[in-house]
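Protein chains in written order, with the numbering used here: chain A, 1 to 373; chain B, 1001 to 1373; chain C, 2001 to 2373; chain D, 3001 to 3373.
Beta carbons: idealized from backbone N, C-alpha and C, even for Gly.
Only one structure is covered here, and it is reproduced in the block below.
4 protein chains.
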Amino acid sequence: MQPNITSIPILQLASGDVLSLQVYRFQGGTGPKVYLQANLHGAEIVGNAVIHQLLKWLTPLEPHQLNGEIWIVPACNPLATNQRSHYFSTGRFNPYDGKDWNRIFWDYEKETEDLLDFARSHLHLDAETVQRHYRARIQTQFDRLRDKLRSPASAPLSEHYRFHLQSLCLDANYLIDLHSTSNQGLDYLYYFSGREDSAKLFGLDSGILLDRYDGDAFDEAFIKPWLALERCFAQLGREFRFDLEAWTLELGAGMQMNPISVHRGVLGLQNYLIQKKIVQGVVLPQPISKQQMYLTRTSQVKKYYSPYGGMVYPKVALGTSVQQGQVLYQLLIFNKQSYCPTQIEVVAERDGIVYDLASNQAVNTGEYVLATF
Amino acid sequence: MQPNITSIPILQLASGDVLSLQVYRFQGGTGPKVYLQANLHGAEIVGNAVIHQLLKWLTPLEPHQLNGEIWIVPACNPLATNQRSHYFSTGRFNPYDGKDWNRIFWDYEKETEDLLDFARSHLHLDAETVQRHYRARIQTQFDRLRDKLRSPASAPLSEHYRFHLQSLCLDANYLIDLHSTSNQGLDYLYYFSGREDSAKLFGLDSGILLDRYDGDAFDEAFIKPWLALERCFAQLGREFRFDLEAWTLELGAGMQMNPISVHRGVLGLQNYLIQKKIVQGVVLPQPISKQQMYLTRTSQVKKYYSPYGGMVYPKVALGTSVQQGQVLYQLLIFNKQSYCPTQIEVVAERDGIVYDLASNQAVNTGEYVLATF
Amino acid sequence: MQPNITSIPILQLASGDVLSLQVYRFQGGTGPKVYLQANLHGAEIVGNAVIHQLLKWLTPLEPHQLNGEIWIVPACNPLATNQRSHYFSTGRFNPYDGKDWNRIFWDYEKETEDLLDFARSHLHLDAETVQRHYRARIQTQFDRLRDKLRSPASAPLSEHYRFHLQSLCLDANYLIDLHSTSNQGLDYLYYFSGREDSAKLFGLDSGILLDRYDGDAFDEAFIKPWLALERCFAQLGREFRFDLEAWTLELGAGMQMNPISVHRGVLGLQNYLIQKKIVQGVVLPQPISKQQMYLTRTSQVKKYYSPYGGMVYPKVALGTSVQQGQVLYQLLIFNKQSYCPTQIEVVAERDGIVYDLASNQAVNTGEYVLATF
Amino acid sequence: MQPNITSIPILQLASGDVLSLQVYRFQGGTGPKVYLQANLHGAEIVGNAVIHQLLKWLTPLEPHQLNGEIWIVPACNPLATNQRSHYFSTGRFNPYDGKDWNRIFWDYEKETEDLLDFARSHLHLDAETVQRHYRARIQTQFDRLRDKLRSPASAPLSEHYRFHLQSLCLDANYLIDLHSTSNQGLDYLYYFSGREDSAKLFGLDSGILLDRYDGDAFDEAFIKPWLALERCFAQLGREFRFDLEAWTLELGAGMQMNPISVHRGVLGLQNYLIQKKIVQGVVLPQPISKQQMYLTRTSQVKKYYSPYGGMVYPKVALGTSVQQGQVLYQLLIFNKQSYCPTQIEVVAERDGIVYDLASNQAVNTGEYVLATF
């Protein structure tokens, strides 16, 4: 089953060159739509390798084995992927306005004010109808963004970019965004309220519930309007769960495609597609680990920043369970006066697991060192 | 009258070197406190020249000529001022997290929830008491930020930095932040609700009322809690105006200290200090222009971004009054296919004055070109 | 006469996108080949506007009016043109290795050791034969570069890039590279030994003879092997001048397409093509200024760097004739100790004309301020 | 034995802040002078940890245990150490002119023309006298650089910087510069002609003889004038070896202080100081490995650059011995047309050991992948 492959020009450069998205579409039965992308942040390339494996797994399938459609966009942010400073991939921020590439997306929830009215008027309709009507409202509002882009004043690059990307996935059922840390990190995922059970399908060791938002991330922008509607229905006494899911998978280190992280990502995606009955008649190449998943939440995340400038000696490895008061790192502090370098120890403020470690051990005051969850 | 000059270390670098603020304090009678800073964004150096002139004007004064105190901080963001890429001063964004240096400040209004209660309990007290009580509340809350900075997890650089800067001005009456565009720009100021009359004291041609906020700018963070309290009192039927003001002056081009912009800035500040009776017994070196000030608002600002990548030929100069439909610029568009370059015209969406023009005439899709107000 | 337009992919990005050169070829009689390019450094866009005008002037010509061929490459360095840091075009250095994009070119002279032998063996042959034989030698050596690019170890980006660009012009007779300063600059050109008369055809006010090389610039790499051969012949007693010329035109400010600089560049190119009898039967739209051209040399260029960190007040405008000892700029020096800012004056070390001024008036120790020639 | 600690201001920033060097001097008997520095490139911080250990080892020594003096400069390039782009330390190139911070040093050999005359006139003098006279010549020439720095035109930052650094070590006998790769790398050193035996004292696995120069590196600039004089004497029939050595140690990965690399570096330095009899009466904490050192030369180094843009799957680990034809890496190549991603294999061009691997697996055409020696 060959994918349909198309290219979408998204950005014309001053030089006249054009950067594009390439979209792979596997089209099967009338089932749900899965949207999968990778490399939204420039340094986070691991998902491209995952997609490469997945393309090789999907292509031999017979059409009847696919119930639904799968849209895949590797290297989904060419401007970011190709950004360099020396050898380093520094494509986390838009170079024109400093904005994080994953905090720019259009969130319908922020523009709607009458959500409770909508819920009330749809209180007794079936799920499928509610979903169809709500989706149409979102789509109508989204289409207005195009007018702004086409106006003489047009809009900043990030609004052009997000329009292209969100056009591809606004009508998806399951949206999966493949990331990694920029640093050294564990494999885990972010999930949303009410999706714990599906979270386990990916077979990763840990998951972070987004109970606090940074705002306007790709997964948030997709799912938040639906979670908001679920809350409105709940308020009106109707328990309701849309069959819509959004996932961000974090797979290891930045600028790297660590084979173990790639393998876990591929296996997780395969299992997810099989369990969701989108891919059928296929056996997983190897059984996914059934071990307990460690579930935490963004409000439990603790990030450590250096209190002074200096050189960091980490005293804990990635994956270590630390206890409050345990030494996390030593900081070697040089000075430009007439005394010897000093050294301090920094301890954990609370219990947790070290899930992310800075690649750079030289820090100025306030620079990131590590994080626990 | 010599200023008291102190240095405050604000940031230790990985190398052991330390960056500092230098604060000039002129101390006179028991009048209000003025806080003045420059160069918060790295490219916006013009205010340093303004401060240099002002220091020369203040120093010969006799102590009795100063009713109050004036705190002055030139080069107030050393990390940003010294940032370079090739010859260019690119210090608008924090290199660690991409955040705009003028969107990081602590805003008490965002943390308080019982403002109406406070207003109600102070409804019949005199202005001076209200102001003292409210200031104490802000100060108490602000002091908690220090605890976070000193905790093992500490905080990102921007939280360290803002703490130092806001410590200096939290108790000011009049706060003035000297900026410029990064590009080519007119001389104008930003002002806040209810401060139109004072705005005119600076003698600049134009002023923009902040009726829409970007959020967490230096001037906003200072004045917004007071504006919020004024609104609460208004809601309770008491009209009230605190004698507190915050100003951002925009003085010409980026990376430049244009003599005319400097002169206007100096004269405006001198007149403001004299009219506020902080500096006394001095005659302005030259009368400030009495011409009509053009007042507009942030919601009237229209920014133009390039719809395609190409080379910009501006068709309007800085200061031009344009009408809807008038050609603003031509865009020369190259391509990497087999046809000749094309050229399009971009017109004004609404009437306005061109107050800012990009220094860079090469644009990618969505890159900034010009703005009208 | 429509140009033949082709695109040459030169660089594939990690994202799979490709950056290309676009080449316009006007083909007429059997006369010489002119090669013209613009925007080798990212900020130096003015030449694109010149080329745009020139395309409009060449296209209406009849084939018989063109004696020779003209190859034109606007936006000839897409990677550099599109590089940004904040709003600024910082494409002067390759982001991977820091190398100046105009110091990377392949110079045959550096690889040949038996030039005198070649001259001796060709001492009595006619110019046309010598030129043909020598060109063949250069070409043969150049073709070996392709082998390296295609080997498994391949080569750094700059070697890929230069190969594409030099492939297009190795057999040209007249090579013209359109630049500008990154800063604020006059309009002038660089010329090579023995080409003073042709230099005047461009009608610019000033010209700098390259009597000292930086090494591996585009124009140098083209002409130096021929100048070396001319010197060998001279050594053997035969005076000889190949009809080969290389020019770098500097047209005004960086990131700008100043209309006056564009106009001068266009007129100069038109006159050059007419005087060289490549374009025939056309009258210049306006006579080119006959005024005296100021000729100087790279060894006369004096660049001024700031002795301390501070803010620069220029005391001379672009184009000013300065005398030794004359004040060039004042430097306002802040400190982080307890004394007031200081101010120093910097004077000219020798007589000259100010031809280049830094756009950025904030300088660290050793940062560029201005230059005279 | 406490070191004498001094700070040397080297660079004033536009903001008025000053960056400094801190120098630790251990002064003992009348023996040779050792000069040791670290972190000349911003990302290469490992040497700071080595120095930290060494300071702790030297401080307990009694004065009589030190025969000579040891000068130590950690974080020797503050501008580079503190440079950031996102989280990454990008301080390899001077941000003003793109120059590699380790290709800027003043090399006496390039300025002297009469070296053979000097050798001839000193042919029959004893080594100590020759050394003293030659050193005086170098010093005299070096002092002229100060005049340029102090002239009105002053000089670019890199000339200010190198002057400070070379002032500290011009009269050293043994100079050691602690580096690492910016990427992932083995521990090894660079050595110069005739110094093989001393090279082994550091106990590292591999050494690269500099038989080809990049030019103007710190170690080269120190030792090359002496090697040149040795060659002149050899030419005149006198075999001669000055007791002068220059070393660059490469200790592991960039932005990291890998404990094993640090340990090796410390042990190597301790052994070197003991074997040179500068530190006396101390036993090495552990015997240094006596294994065979692998000696190679810069002309044997083979660097691999990506022939296309894509994602790199390395097929060899750091330290692997590879044979010609062996697969080094696979390249996953995406496209923006309508076909599936492709994959190619890149093989070794010659036998060697993989000693350096790019940290970044996303590559544009011509981007660095790995190197063998």
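Taking only the alpha-carbon atoms, compute the straight-line gap between residue i and residue j and give it to the nearest angstrom.
i                         : j                         : result
aspartate 1211 (chain B)  : cysteine 1232 (chain B)   : 17 Å
arginine 1386 (chain B)   : glycine 1098 (chain B)    : The requested residue 1386 (chain B) does not occur in the structure, where chain B is confined to residues 1001 to 1373.
valine 3034 (chain D)     : histidine 1052 (chain B)  : 47 Å
methionine 255 (chain A)  : asparagine 39 (chain A)   : 10 Å
serine 193 (chain A)      : tyrosine 174 (chain A)    : 15 Å
arginine 264 (chain A)    : asparagine 3360 (chain D) : 21 Å
asparagine 1258 (chain B) : threonine 1059 (chain B)  : 24 Å
glycine 2281 (chain C)    : leucine 2273 (chain C)    : 11 Å
leucine 3251 (chain D)    : aspartate 3100 (chain D)  : 19 Å
isoleucine 3208 (chain D) : valine 266 (chain A)      : 42 Å
proline 225 (chain A)     : tyrosine 108 (chain A)    : 6 Å
arginine 103 (chain A)    : threonine 3365 (chain D)  : 30 Å
glutamine 22 (chain A)    : glycine 28 (chain A)      : 20 Å
asparagine 2004 (chain C) : arginine 2025 (chain C)   : 5 Å
methionine 3001 (chain D) : serine 1015 (chain B)     : 25 Å
From the beta carbon of residue i, is the nearest beta carbon of chain B less than 7 Å away?
i                         : result
glycine 309 (chain A)     : yes
asparagine 2102 (chain C) : no
leucine 157 (chain A)     : yes
glycine 3254 (chain D)    : no
lysine 302 (chain A)      : yes
Can you check whether the C-beta of residue i is within less than 7 Å of a C-beta belonging to chain C?
i                        : result
valine 3363 (chain D)    : yes
glutamine 3012 (chain D) : yes
aspartate 3197 (chain D) : no
serine 261 (chain A)     : no
serine 1359 (chain B)    : yes
With a CB to CB cut of under 7 Å and the five nearest residues on each side skipped, what residues in its chain are close to residue i?
i                            : result
glutamine 323 (chain A)      : Ala348 and Asp351
phenylalanine 1105 (chain B) : Arg1162, Gln1166, Asp1216, Ala1217, Phe1218 and Ala1221
leucine 1189 (chain B)       : Ala1199, Phe1202, Leu1204, Gly1207, Trp1247, Thr1248, Leu1249 and Glu1250
arginine 1120 (chain B)      : Leu1236
I want to see whether chain D comes within less than 7 Å of residue i, judged by CB atoms only; does it?
i                            : result
leucine 1115 (chain B)       : no
phenylalanine 2334 (chain C) : yes
serine 2154 (chain C)        : yes
glycine 2185 (chain C)       : no
valine 2346 (chain C)        : yes
alanine 217 (chain A)        : no
Can you find a CB in chain A that lies within less than 7 Å of the CB of residue i?
i                     : result
serine 3338 (chain D) : yes
To which residues of the same chain is residue i closer than 6 Å at the C-beta, ignoring the five residues directly before and after it?
i                      : result
proline 1009 (chain B) : Val1018 and Ser1020
alanine 43 (chain A)   : Ser89, Ser182, Gly254 and Met255
alanine 199 (chain A)  : Tyr191 and Gly207
Taking 8 Å as the limit between beta carbons, can you name the residues of its chain near residue i, skipping five residues before and five after?
i                       : result
tyrosine 1355 (chain B) : Gly1185, Leu1186, Tyr1188, Ser1206, Leu1318, Gly1319, Ala1371, Thr1372 and Phe1373
Margin query: At a CB distance below 9 Å, what residues from the stretch 3080-3094 of chain D approach chain B? Give them in sequence order.
Written below: Within the stretch 3080-3094 of chain D, Ala3080, Thr3081, Asn3082, Gln3083, Arg3084, Ser3085, His3086, Tyr3087 and Ser3089 place their CB atoms closer than 9 Å to a CB of chain B, listed in sequence order.
Check: Which runs of the alpha helix (DSSP H) fall wholly inside the stretch 2006-2070 of chain C and span at least 4 residues, in chain order?
Finding: Entirely contained in the stretch 2006-2070 of chain C, the alpha helix (DSSP H) runs reaching 4 residues are, in chain order, 2046-2058.
Next item on the list: List in chain order: all unbroken beta strand (DSSP E) runs of 3+ residues lying wholly within the stretch 1266-1337 of chain B.
Entry: Within the stretch 1266-1337 of chain B, the complete beta strand (DSSP E) runs of at least 3 residues are 1294-1297, 1302-1305, 1310-1314 and 1327-1333.
Item checked: Whole alpha helix (DSSP H) elements within the stretch 208-263 of chain A, 4-residue minimum -> Listed in chain order, the complete alpha helix (DSSP H) runs (minimum 4 residues) inside the stretch 208-263 of chain A are 218-235.
Item checked: Contained alpha helix (DSSP H) runs [length at least 4] in the stretch 2167-2206 of chain C, N- to C-terminal order -> If we require 4 residues or more, the alpha helix (DSSP H) runs fully inside the stretch 2167-2206 of chain C come out as 2196-2199.
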